[in-house]
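Asker: Following this message is one structure expressed as structure tokens.
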Amino acid sequence: MDPRELDAPILFYDGECGLCARSVRWSLAHDRRGRLRFSPLQGKTYAALERPGKPADLSSVVLLDGEGLHRESEAVLRLLGYAGAGWRLLGAAGRIVPRPLRDAAYRYVAKHRMELGPADACGLPKPAQSERFLP
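The numbering used here applies: residue 1 is where the sequence shown begins, and numbers increase by one.
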């Protein structure tokens, strides 16, 4: 996928992770402009993505936007930027923390994310939101 083809950013998430599924639901609720699209890391869209630095493992959220491919804490901070002014401010403040420390905290949470429960069918998108999901 060529980044010039992007008409909206894509959040790639672990489709088998409960924390990740809840993060997608949070994003749907807070991205009031409906800019974000979503695709599981196990899906066809991510498999077809050919980008340098593309993570092969499924332990990190990945955000693709017009500026490139972002993972771990940087993906989360950029995600906050789509959630409105207050969240955008929180994301900007998060950049005060050095990236190695942010990423270490991210990896700790990612390591334990499956303990928070599996993804569940209750997290299915509303019909109006389903067009924002890619395979």
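We put the CB at the ideal spot given by N, CA and C, even for glycine.
As the structure is a computational prediction, the values presented were derived from the model and not from experiment.
Contact defined as beta carbons within less than 8 Å: I believe residue 8 pairs with residue 49. What is the distance between those atoms, to the nearest angstrom?
Answerer: Actually they do not touch by this definition, with Cβ atoms about 15 Å apart.
Asker: Hey, is the segment 90-104 in contact with the segment 28-45, meaning 3+ C-beta pairs nearer than 8 Å?
Answerer: no
Asker: In the structure shown, what three-state DSSP assignment does residue 136 receive?
Answerer: Residue 136 lies beyond the range of the chain shown here (1 to 135); nothing can be said about it.
Asker: Helix, strand or coil: which one does DSSP assign to residue 82?
Answerer: coil
Asker: The ligand NAP and residue 128: does any heavy atom of the ligand fall closer than 6 Å to the residue's C-beta?
Answerer: Among the components of this structure there are no ligands whatsoever, and the ligand NAP is therefore not found.
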